[in-house]
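Here the structure is laid out as structure tokens; the discussion comes afterwards.
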Amino acid sequence: MGQEVDREQFSEQEFAVFGERLEDSLTALRELLSRPGFGVGPASVGAELELFLVTPEGRPLPRNEEVRDAADDDRVVLELGRFNLEVNLSPVPLAGRPFDALGEELRDTMRMVDRAAATQGGGVVPIGILPTLTEADFTRDSMTDEARYRALSHGLRRLRVEPFRVLIHGTERLELEAEDIILESANTSWQVHLRTAPADFDRVYNAAQLAVGPALAVSGNSPFFIGRELWEETRIALFEESADDRDIERRWRRDGRVAFGSDWVSGGAGELFTQCVRDYEPLLPVLHEEDPIAVVKDGGVPGLAELRLHQGTVWQWNRPVYDPADGGHLRVELRALPAGPTGTDMLANSAFMLGLVLAMSAEPEWTRDFPFGAAYRNFYRAATTGLDAPMSWPGRDGETPAGELALSLLPVAAAGLELGGVDAGHAAEFLQVISERIRLRRTGAGWQRRAISAIGDDPAARARMVARYRELSISGLPVHTWPDMLP
Numbered sequence: 003m004g005q006e007v008d009r010e011q012f013s014e015q016e017f018a019v020f021g022e023r024l025e026d027s028l029t030a031l032r033e034l035l036s037r038p039g040f041g042v043g044p045a046s047v048g049a050e051l052e053l054f055l056v057t058p059e060g061r062p063l064p065r066n067e068e069v070r071d072a073a074d075d076d077r078v079v080l081e082l083g084r085f086n087l088e089v090n091l092s093p094v095p096l097a098g099r100p101f102d103a104l105g106e107e108l109r110d111t112m113r114m115v116d117r118a119a120a121t122q123g124g125g126v127v128p129i130g131i132l133p134t135l136t137e138a139d140f141t142r143d144s145m146t147d148e149a150r151y152r153a154l155s156h157g158l159r160r161l162r163v164e165p166f167r168v169l170i171h172g173t174e175r176l177e178l179e180a181e182d183i184i185l186e187s188a189n190t191s192w193q194v195h196l197r198t199a200p201a202d203f204d205r206v207y208n209a210a211q212l213a214v215g216p217a218l219a220v221s222g223n224s225p226f227f228i229g230r231e232l233w234e235e236t237r238i239a240l241f242e243e244s245a246d247d248r249d250i251e252r253r254w255r256r257d258g259r260v261a262f263g264s265d266w267v268s269g270g271a272g273e274l275f276t277q278c279v280r281d282y283e284p285l286l287p288v289l290h291e292e293d294p295i296a297v298v299k300d301g302g303v304p305g306l307a308e309l310r311l312h313q314g315t316v317w318q319w320n321r322p323v324y325d326p327a328d329g330g331h332l333r334v335e336l337r338a339l340p341a342g343p344t345g346t347d348m349l350a351n352s353a354f355m356l357g358l359v360l361a362m363s364a365e366p367e368w369t370r371d372f373p374f375g376a377a378y379r380n381f382y383r384a385a386t387t388g389l390d391a392p393m394s395w396p397g398r399d400g401e402t403p404a405g406e407l408a409l410s411l412l413p414v415a416a417a418g419l420e421l422g423g424v425d426a427g428h429a430a431e432f433l434q435v436i437s438e439r440i441r442l443r444r445t446g447a448g449w450q451r452r453a454i455s456a457i458g459d460d461p462a463a464r465a466r467m468v469a470r471y472r473e474l475s476i477s478g479l480p481v482h483t484w485p486d487m488l489p
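Numbering (our numbering) for the sequence shown: 3 to 489.
Laid out in structure tokens, this is it:
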């Protein structure tokens, strides 16, 4: 979705030709993945952070174009909602002290965007879902004024004739409808990329599918939406339902357009890209002149623009990424973690999840005995109830509360980071944040719930809470050290 799209409407012929180009891209990708040495290189990690723009009163500020222009930095890009921006961080080597480098750039870019937002009378907040959002914030005028987002909405509406229905049963119940994808703009996340050699892809991707359960459980930061108290990570349900193209004609498909998946991967990255083309119809048939098969036969590295654009409109919670840069390589994109509460918290979440991924990918035999359905349940239970979610884990009998399981997995994560060449003391610094957060039961979602419980659940109270959250977030101190909000 980061590619340039300068049109809103496409013909049925263009959709048909785009489908043919996707098949050619898959053929080229298979040839490329079988090329000796392709994608081999030192592991690296990068990240993207989605942010809310808010007024001093804690309400959404729909001025993202103006803030982007004031920032005047290529790393800052527009998101779907006019109150959202995304910051793209530079990849860094995994070995050594990667979270220092990511953290420095994260702090610098957040300060830069906050200064830019101040020129429009607001600021930024890293939070999974902004609690002050109301139904009035999701109109057609709320969508960013860019052709790619209008085209995305048209593409989904081409497939889905029914309204998008959101039904979430949490602490309270939420039911609403929307005519387009705009409700997805309520979600902001912290997306981590791990460069992965093709030969290691299955092991790393499957490990990510396992690791995301406990990692999400300790990272919850999205308990409220439109005045309702819902899941610890309401983003998961909201994104899946607000972008689901399965209407009456597509009930047969097991997974929605936003999905966790349905089995362990055994056929490499090519399996997931093929599944993406086979199961999901295109939304944005932007055609390019490149002949990817010819490029591969000539020994080159194709851009595969059509395939990358299509893959960008299928939002697996862990997603394969092909990038033609640096001679071409693969990444596993870890998409489920929420934005916020602070840079330290996001880096700690990354350290825990990456450590588990690296540790479990080094012992891939667990996938023979551990059912995929258990990892699936772990993920959605983590989103629903966070630290209290009952979870299964390879080599353990029965189920364990997620917080207790995560504590026991901290040494596993530390060992995984060490395998990846991360300095042991550096890793310990961030894993200690996770340990204290669990011990004190102070996730971002927990802090928000306690705050609302103390001051009341009405629009004015939610605005007060967001203002205080922003103050504490700017401090950079991890959420487990935040004081409770007094009545």
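No residue lacks a Cβ here, since even glycine has one placed at the ideal position from N, Cα and C.
Residue i versus residue j: straight-line alpha-carbon distance, rounded
{"i": "Leu-108", "j": "Pro-340", "result": "15 Å"}
{"i": "Phe-101", "j": "Ile-457", "result": "36 Å"}
{"i": "Met-3", "j": "Val-288", "result": "For Met-3, the pLDDT reaches just 47, beneath the cut-off of 50, and the residue's location in the model is therefore unreliable, leaving the point undetermined."}
{"i": "Met-393", "j": "Gly-405", "result": "10 Å"}
{"i": "Gly-422", "j": "Asn-90", "result": "23 Å"}
{"i": "Glu-231", "j": "Ile-131", "result": "12 Å"}
{"i": "Val-79", "j": "Asp-399", "result": "46 Å"}
{"i": "Gly-388", "j": "Gln-193", "result": "19 Å"}
{"i": "Leu-360", "j": "Ser-264", "result": "22 Å"}
{"i": "Gly-357", "j": "Ala-18", "result": "43 Å"}
{"i": "Met-487", "j": "Ala-453", "result": "5 Å"}
{"i": "Phe-275", "j": "Val-56", "result": "37 Å"}
{"i": "Asp-325", "j": "Ser-46", "result": "13 Å"}
{"i": "Thr-315", "j": "Cys-278", "result": "10 Å"}
{"i": "Arg-65", "j": "Ile-295", "result": "43 Å"}
{"i": "Phe-54", "j": "Asp-147", "result": "17 Å"}
{"i": "Pro-343", "j": "Glu-33", "result": "43 Å"}
From the options, residue whose alpha carbon lies closest to that of residue i
{"i": "Glu-365", "options": "Pro-343, Gly-314 and Asp-202", "result": "Asp-202"}
{"i": "Ala-213", "options": "Trp-449, Asp-300 and Phe-262", "result": "Phe-262"}
{"i": "Phe-381", "options": "Pro-343, Pro-461 and Arg-337", "result": "Arg-337"}
{"i": "Glu-367", "options": "Asp-293, Gly-397, Thr-276 and Val-126", "result": "Gly-397"}
{"i": "Phe-432", "options": "Gly-446, Leu-349 and Pro-413", "result": "Leu-349"}
{"i": "Gly-98", "options": "Asp-425, Gly-229 and Gly-329", "result": "Asp-425"}
{"i": "Gln-211", "options": "Glu-335, Asp-249, Gly-229 and Ala-149", "result": "Glu-335"}
{"i": "Ile-476", "options": "Leu-51, Leu-82 and Gly-125", "result": "Gly-125"}
{"i": "Ser-92", "options": "Ala-103, Val-127 and Asp-8", "result": "Ala-103"}
{"i": "Leu-135", "options": "Asn-189, Val-69 and Arg-280", "result": "Asn-189"}
{"i": "Gly-123", "options": "Val-69, Val-297, Leu-87 and Gly-105", "result": "Val-69"}
{"i": "Glu-235", "options": "Ala-209, Arg-280, His-171 and Arg-205", "result": "His-171"}
{"i": "Trp-319", "options": "Asp-328, Val-260, Trp-484 and Val-297", "result": "Val-260"}
Residue i, buried or exposed, once every other Cβ within 10 Å from all chains shown has been counted against 16
{"i": "Val-163", "result": "exposed"}
{"i": "His-312", "result": "buried"}
{"i": "Val-435", "result": "buried"}
{"i": "Leu-28", "result": "buried"}
{"i": "Gly-375", "result": "exposed"}
{"i": "Glu-181", "result": "exposed"}
{"i": "Arg-383", "result": "buried"}
{"i": "Glu-491", "result": "A question about residue 491 goes unanswered here, because the residues of the chain that appear run from 3 up to 489."}
{"i": "Asp-71", "result": "exposed"}
{"i": "Leu-442", "result": "exposed"}
{"i": "Val-303", "result": "buried"}
{"i": "Arg-333", "result": "buried"}
{"i": "Ser-155", "result": "buried"}
{"i": "Gly-48", "result": "buried"}
{"i": "Val-42", "result": "exposed"}
{"i": "Arg-541", "result": "Since the first residue of the chain shown is 3 and the last is 489, residue 541 is not available in this structure."}
{"i": "Pro-128", "result": "buried"}
Close Cβ partners of residue i (< 8 Å) along its chain, the five nearest in sequence each way excluded
{"i": "Asp-75", "result": "Thr-111 and Met-114"}
{"i": "Thr-141", "result": "Ile-184"}
{"i": "Arg-152", "result": "Glu-10 and Met-145"}
{"i": "Pro-322", "result": "Phe-203, Tyr-207, Ala-271, Leu-274, Phe-275, Gln-313, Leu-332, Arg-333, Val-334 and Glu-335"}
Close beta carbons around residue i, own chain, < 7 Å, minus the five adjacent residues each side
{"i": "Glu-283", "result": "Leu-161"}
{"i": "Pro-133", "result": "Phe-226, Gln-450, Arg-464, Met-467 and Val-468"}
Neighbourhood of residue i by C-beta, 6 Å cutoff - its chain only, sequence neighbours within 5 removed
{"i": "Asp-139", "result": "Pro-62"}
{"i": "Ala-217", "result": "Phe-354 and Met-355"}
{"i": "Asp-347", "result": "Pro-480 and Val-481"}
Segment contact, 8 Å Cβ cut-off, at least three pairs: the stretch 303-323 with the stretch 166-181
With a cut-off of 8 Å, the stretch 166-181 and the stretch 303-323 do not count as touching, because too few Cβ pairs lie within range.
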